[in-house]
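Undergrad: Before I ask anything, let me first share the structure, which is written out below as structure tokens.
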Amino acid sequence: MRRARSRGQASLFTFAFTAAAAFVLVSVVDPYSGATASPYFQVAGDRFGGEAVQEIQVAGAFANTITRDNFTVTEKPKPPPVPVAVQAASSGRAPTAAIPDPGSAQAIARDKVSSRGWGDDQFNCLVSLWNKESGWRVNASNSSSGAYGIPQALPGSKMATAGADWETNAGTQIEWGLGYISGRYGTPCGAWAHSVDSGWY
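Here numbering that gives the first Met the number 0 is used: the sequence shown runs in plain steps of one and ends on residue 200.
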């Protein structure tokens with residue numbers, strides 16, 4: 000009984016040793032035998048007339064271009080430069096405004112700013128401020144707060160002190176808005192600076 004067991008154990012040991020030795024020899028002879036990245040691996044395109052199925056190219060500055068079948072994927076484009084208005088807002092300065100079209104709300108505002116003795120810098124601040132607030136639209140309405148018009152008066156009916164046509168007349172709204180800015184912030188640039196800091200004026 001004991002001899003039968005020791006023979007079985009010896010056979011098992013011999014089998015295990017032989018299997019381990021064979022595995023080691025295969026790895027030494029061809030270490031890539033079990034890997035798909037073996038140097039003996041054949042690209043599918045070589046079997047189909049030499050046409051490459053997949054190609055990866057790495058360009059300078061780590062920009063990748065990948066071509067697969069008939070589709071090409073290139074590096075994600077760089078974001079566009081930050082607009083001047085956004086740069087100016089983050090620095091607290093208003094960008095230079097364009098010369099307004101005659102008869103437009105901005106042309107009316109430019110005349111009213113000049114008549115108050117304020118220069119182009121104040122007009123630039125006003126343009127930036129009301130671009131942000133209303134886009135210079137007389138009927139701009141904020142449904143959540145109730146602010147209305149070019150200067151976003153809250154409530155809009157406050158502008159009636161400048162004229163009965165406050166709902167539709169850009170000149171009336173601008174007159175009221177400049178009076179509000181003058182009384183509360185001193186100048187349009189003062190209002191713009193407050194708006195940049197807090198998000199409102």
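Heads up, the beta-carbon is just placed ideally off N, CA and C, and yes, glycines get one too.
Here the structure is a predicted model, which means the values were calculated and not measured.
#1: On the DSSP letters alone, give me the boundaries of the alpha helix (DSSP H) that W165 sits inside.
#2: Out of T167, G198, S140, Q105, which has the shortest C-alpha to C-alpha gap to L177?
#3: Which residue or residues does DSSP assign as beta-bridge partners of A152?
#4: Do you know whose CA, among G185, F16, A21, lies nearest R115's CA?
#5: So what does DSSP say about V195, is it helix, strand or coil?
#6: Taking the Cβ atom as the reference point for each residue, do P150 and E132 lie within a distance shorter than 8 Å?
#7: What number of angstroms, rounded off, separates the C-alpha of G170 from the C-alpha of W191?
#8: Whole angstroms is fine: what's the gap from G96's alpha carbon to S103's?
TA: Let me lay it out:
#1: In the sequence shown, the residue the question calls residue 165 occupies position 166. Run containing W165: none; DSSP gives neither H nor E here.
#2: As a working mapping, residue 177 is identified with position 178 in the sequence shown. Closest by alpha carbon: Q105.
#3: Looking up residue 152 in the sequence shown gives position 153. Answer by DSSP bridge pairing, in chain order: Y147.
#4: To locate residue 115, count along the sequence shown from 1; it is residue 116. Closest by alpha carbon: G185.
#5: Working through the sequence shown from its first residue, we reach residue 195 at position 196. Of the three classes helix, strand and coil, the one that applies to V195 here is helix, per DSSP.
#6: Within the sequence shown, the letter at position 151 stands for residue 150. Within the sequence shown, the letter at position 133 stands for residue 132. The answer is yes: Cβ separation under 8 Å.
#7: The residue labelled residue 170 in the question sits at position 171 within the sequence shown. The residue labelled residue 191 in the question sits at position 192 within the sequence shown. One C-alpha to the other measures close to 20 Å.
#8: As a first step, residue 96 is located in the sequence shown; it is residue number 97 there, counting from the start. As a first step, residue 103 is located in the sequence shown; it is residue number 104 there, counting from the start. The question names Gly, yet the displayed sequence has Ala at residue 96. The straight-line gap from Cα to Cα measures roughly 14 Å.
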